[in-house]
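Here the sequence shown stands for residues -20 to -1, 1 to 551, where the numbers follow mature numbering (1 follows the signal peptide of the UniProt record, and there is no 0).
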Amino acid sequence: MLCVRLSSLVLVSVCSRVEARVEATCRLSSEEVRGYAKEGDILIGGIFAVHLPDFTPISFVTKPSWVGRKTFSLQSYQWLQAMVFAVEEINRSPTLLPNVTLGFRIHDSCMMMKPVLEGTFWMLSERKLPIPNYRCLDKKPLAGIVGDTISLHSVQMARVLGLYRYPQISYFSTSPLLSDRQHFPSFFRTIPSDDFQAQGLGQLVIHFGWTWVGILATDNDYGQHGVQILQQELVKAGACIAFTEYIRNIYAEKNAQLLAKAIRGSSANAIIFFSSDILLIPLMDELVGENMTRRIWIASEAWSTSPLLSVEKYSSILSGSIGFAIHSGDIPGFKEHFTSIHPSVSPEDIFMKEFWENNFNCKWQEETPPQISWNYSTKYCLENDQLDISKTFYSDLVVPRVTYNVYSAVYALAVSLHDLYSCRARQGPFYHGTCADILAFQPWQLLHYVRNVRSRKEAGSELTFDAGGNPQTQYDIVNWQPGIDGTLKQVIVGRYKGNAPARNRSLHLSAVVLASLVTGKLLSKGSPSAVFCVCLALQEKFLMQPTLLNVPSAPGMRGQTPSRTDASQRL
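Written out as structure tokens, the structure reads:
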């Protein structure tokens, strides 16, 4: 087993010698990194937040304890399994990478920065105790890393991976910052940038004639940048913003009360939420308590298909909502794969037993403390337990969205590897027409193929990246409609394509149920817009003629300054 210095890619020593030299001088303090590993000729890395953080106060007196492994994420585990399924499907393919076996290294980020970077260095160095800037391997090149979810984490990963030109493909990071090729030369994603979403939400609002709207957004990069683009798009289309407020996770209940007051005091009946679902829960609880039903809520992709908000508790508030959702795709065979997984089948999956316990609310009997012979209050896991994917938190299996993005990311790397593998001598893209060796390529050589990939998956759909590493922009437009069980269902009622120049962007809608304002009526494309007067500088526009939606007119005249009930617009 040899150790390669990543910065120069020059063979320097045997791994054990490097470790001895590091031990003799100074050594970085680090935890031993564990993950789900499967061997292969070429490795693909994956970063998933299998556990959600459970923060505890830091005393600054003792070493902080490992605090990120408390809450198991059933949803993230589905995404992890999409990567496993894609690798297994590719390995079975007789036409894609024939005679080459893919393996993987999957690490749990716990949705925290420290594990994200530890996992990244683990994959780069191939050591349980990572050695920065070195890769210890036995002729098993790392093709790239799929991940992460949070944009901030992907930024830090991209800064490291970009140094060595390792391809990184995120399935859920939407920050426009990551499209900057100067700072992130090897970053790609299978989810569109927030720039395109904000533009599309603005067009959706104008499509229905809602030119008098409020905006609520999270007080972070995601929300602040979304607000900026939304405001530009709405003003350009001739709309006005009634208010702009930010959702804060500090003193969440107090903040929710203030936000509810702003909504209640505004005459705007269409409110855009640029937020994640978790941060919306305190506000939704407040709105339910106030029975604030006569509003249209417009959702960003971060909560538009949320299982947390689809419960019966919020149906009176959110029924009739409309928004953008991550484009869904078909993954033939994945549901069958997921329902067939079992700890006895994949013992190397270090997360599966915990998944089983959380899904079935049981404990594996062998993990019972030896001094306890039997606990009658404990439900033990059974070998014949069967997964029920009809449960709410398996919605991404029924209509794959982020799951599909993970699947697409793995295929993008695999097809790029296949293109590298298929290179003909003296016709290659490198110096003097040379090709790369499929079992000994350099990261920058594969990066060339990822930039130019045209990935066609088993289902027939195609993936390409633009100059900024973004996929073709397409969103599903979903409408929240009540189901027979009292929960809310997200029904796909349209599509939005937004990569094209502005004149070629398309928004297609079928009938939409807007029960919050018009009970029992349907709205479709072509709804008449309201007639508004012109705003002066730092002034708001007021409704002069009601629309089909019977939105109540705001009192005021042309050129009137904003009232206290509608906060001044921040343009």
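Built from N, CA and C at the ideal position, the CB exists for glycine as well.
Please determine whether the Cβ atom of Leu397 lies at a distance below 7 Å from any heavy atom of the ligand HEM. The ligand HEM is absent from the structure shown, which contains no ligands of any kind.
Determine the DSSP secondary structure at residue 573, reduced to helix, strand or coil. Here the chain comprises residues numbered -20 to 551, so residue 573 is not present and cannot be evaluated.
Assess, as a yes-or-no matter, whether the region 236 to 250 is touched by the region 266 to 274 under the definition of 3 or more beta carbon pairs within less than 8 Å. yes
Taking the alpha-carbon positions, what's the Met332 to Glu98 distance? As a working mapping, residue 332 is identified with position 352 in the sequence shown. As a working mapping, residue 98 is identified with position 118 in the sequence shown. For Met332 and Glu98, the distance between alpha carbons rounds to 21 Å.
Over what stretch of residues does the alpha helix (DSSP H) that includes Gln58 continue unbroken? Taking the first residue of the sequence shown as position 1, residue 58 is located at position 78. 54 to 72 is the extent of the alpha helix (DSSP H) around Gln58.
State the DSSP-derived secondary structure class of Trp283, mapped to helix, strand or coil. For this step, residue 283 is matched to residue 303 along the sequence shown. Note: Trp283 maps to coil in three-state DSSP.
Run of the beta strand (DSSP E) containing Val471, from where it starts to where it stops: Taking the first residue of the sequence shown as position 1, residue 471 is located at position 491. Note, Val471: beta strand (DSSP E), 468 to 477.
Range of the contiguous beta strand (DSSP E) that encloses Lys18: Taking the first residue of the sequence shown as position 1, residue 18 is located at position 38. Unbroken beta strand (DSSP E) run through Lys18: 16 to 18.
Among Val268, Asp257, Ile195, whose alpha-carbon lies nearest the alpha-carbon of Leu288? Taking the sequence shown and counting its residues from 1, the one referred to as residue 288 is at position 308. Comparing Cα-Cα distances from Leu288 to each of Val268, Asp257, Ile195, the minimum goes to Asp257.
Check whether the Cβ atoms of Asp128 and Ile27 lie closer than 8 Å to each other. Residue mapping note: residue 128 aligns to position 148 of the sequence shown, counting from 1. Residue mapping note: residue 27 aligns to position 47 of the sequence shown, counting from 1. Against a cut-off of 8 Å, the Cβ pair of Ile27 and Asp128 comes out as a contact.
In this structure, does DSSP put His187 in helix, strand or coil? Your numbering for residue 187 matches position 207 in the sequence shown. The answer is helix: DSSP assigns His187 an H, G or I state.
Alpha carbon of Val379 to alpha carbon of Thr170, nearest angstrom: Along the sequence shown, one-based indexing puts residue 379 at 399. Along the sequence shown, one-based indexing puts residue 170 at 190. One C-alpha to the other measures close to 16 Å.
Give me the Cβ distance between Gln278 and Ala250, rounded to the nearest whole Å; I'm assuming they're in contact under 8 Å. Reading the sequence shown from its first residue, position 298 is the one you call residue 278. Reading the sequence shown from its first residue, position 270 is the one you call residue 250. The sequence as given places Ile at residue 278; Gln does not occur at that position. Confirmed, about 6 Å.
Cα-Cα separation between Pro165 and Ala219, rounded to whole angstroms: Residue numbering aside, residue 165 sits at position 185 when the sequence shown is read from its first letter. Residue numbering aside, residue 219 sits at position 239 when the sequence shown is read from its first letter. Each residue's Cα considered, the two are about 37 Å apart.
Suppose the cutoff is 6 Å on Cβ atoms and the five residues either side in sequence are ignored; what does the same chain contact list for Leu214 look like? Residue 214 sits at position 234 when you count from the first residue of the sequence shown. Here the set comprises Gly182.
Compute the Euclidean distance between the alpha carbons of Phe52 and Asp201, then round it to the nearest angstrom. Residue mapping note: residue 52 aligns to position 72 of the sequence shown, counting from 1. Residue mapping note: residue 201 aligns to position 221 of the sequence shown, counting from 1. C-alpha separation (whole angstroms): 26 Å.
Is DSSP giving Tyr231 helix, strand or coil here? Position 251 of the sequence shown, counting from 1, holds the residue named residue 231. Looking at Tyr231 - three-state DSSP - the assignment turns out to be coil, as it is neither helix nor strand.
N- and C-terminal bounds of the beta strand (DSSP E) containing Gln366: Start at 1 with the first residue of the sequence shown, and residue 366 comes out as number 386. From DSSP, Gln366 is part of no beta strand (DSSP E); its letter is neither H nor E.
Suppose the cutoff is 7 Å on Cβ atoms and the five residues either side in sequence are ignored; what does the same chain contact list for Gln179 look like? On the sequence shown, position 199 is the one that residue 179 refers to. Only Ile209, Glu213, Gly478 meet the Cβ criterion.
Sequence ranges, alpha helix (DSSP H) only - wholly within the region 376 to 451, length at least 4: 382 to 401, 423 to 431
Is Arg107 helix, strand or coil when you go by DSSP? Along the sequence shown, one-based indexing puts residue 107 at 127. Here Arg107 sits in coil by DSSP.
Could you check what DSSP says for Ala240 in three-state terms: helix, strand or coil? Translated into the one-based positions of the sequence shown, residue 240 becomes position 260. Ala240: helix per DSSP, three-state reduction.
Taking 6 Å as the limit between beta carbons, can you name the residues of its chain near Asp399, skipping five residues before and five after? Within the sequence shown, the letter at position 419 stands for residue 399. Excluding residues within five positions, the ones whose Cβ falls inside 6 Å are Tyr429.
Helix, strand or coil for Asp310? Go by DSSP, reduced to three states. One-based indexing of the sequence shown puts residue 310 at position 330. The answer is coil: DSSP assigns Asp310 none of H, G, I, E or B.
Can you round the beta-carbon distance between Val395 and Ser435 to whole angstroms, since I take them to be within the 8 Å contact cut? By one-based count along the sequence shown, residue 395 stands at place 415. By one-based count along the sequence shown, residue 435 stands at place 455. Going by Cβ atoms, the distance from Val395 to Ser435 rounds to 4 Å, so yes, they are a contact pair.
Span of the beta strand (DSSP E) around Asn79: As a working note, residue 79 is residue 99 in the sequence shown. No beta strand (DSSP E) holds Asn79; DSSP gives it neither H nor E.
Distance, Cα to Cα, Val135 vs Phe152? Taking the sequence shown and counting its residues from 1, the one referred to as residue 135 is at position 155. Taking the sequence shown and counting its residues from 1, the one referred to as residue 152 is at position 172. If you take the alpha carbons of Val135 and Phe152, they lie about 12 Å apart.
Beta-carbon proximity of Leu427 to Pro74, cut-off 8 Å: Against the sequence shown, residue 427 aligns to sequence position 447. Against the sequence shown, residue 74 aligns to sequence position 94. Cβ distance not < 8 Å, so Leu427 and Pro74 don't count as in contact.
Distance check for Leu239 and Ala123, CA to CA, integer angstroms please. For the purposes of this step, residue 123 is taken as residue 143 along the sequence shown, with counting starting at 1. For the purposes of this step, residue 239 is taken as residue 259 along the sequence shown, with counting starting at 1. Taking the straight line joining both Cα atoms gives about 47 Å.
Between which two residues does the beta strand (DSSP E) holding Asn271 run? One-based indexing of the sequence shown puts residue 271 at position 291. Segment: none, Asn271 is in no beta strand (DSSP E) and carries neither H nor E.
Look at Ile330 and Arg85 and say whether their C-beta atoms are less than 8 Å apart. Here the question's residue 330 lines up with position 350 in the sequence shown. Here the question's residue 85 lines up with position 105 in the sequence shown. Not closer than 8 Å, so no.
Hey, how far is the Cα of Gln366 from the Cα of Ile125? Within the sequence shown, the letter at position 386 stands for residue 366. Within the sequence shown, the letter at position 145 stands for residue 125. If you take the alpha carbons of Gln366 and Ile125, they lie about 32 Å apart.
Between Ser543 and the rest of its own chain, which residues show a CB-CB distance below 6 Å, the 5 nearest in sequence each way excluded? In the sequence shown, counting from the first residue as 1, residue 543 sits at position 563. Note that Ser543 has pLDDT 37, beneath the 50 cutoff, so the model's placement of it is unreliable and the number below is only indicative. So the list is empty, once near-sequence residues are dropped.
Would you kindly work out how many angstroms separate the C-alpha atoms of Arg139 and Thr319, rounded to a whole number? By 1-based counting over the sequence shown, the position of residue 139 is 159. By 1-based counting over the sequence shown, the position of residue 319 is 339. Cα to Cα, the separation comes out at about 37 Å.
Determine the DSSP secondary structure at Pro165, reduced to helix, strand or coil. If you number the sequence shown from 1, residue 165 lands on position 185. Three-state result, Pro165: coil.
Does DSSP put Ala219 in a helix, a strand or coil? The count along the sequence shown starts at 1 and reaches residue 219 at position 239. Here Ala219 sits in coil by DSSP.
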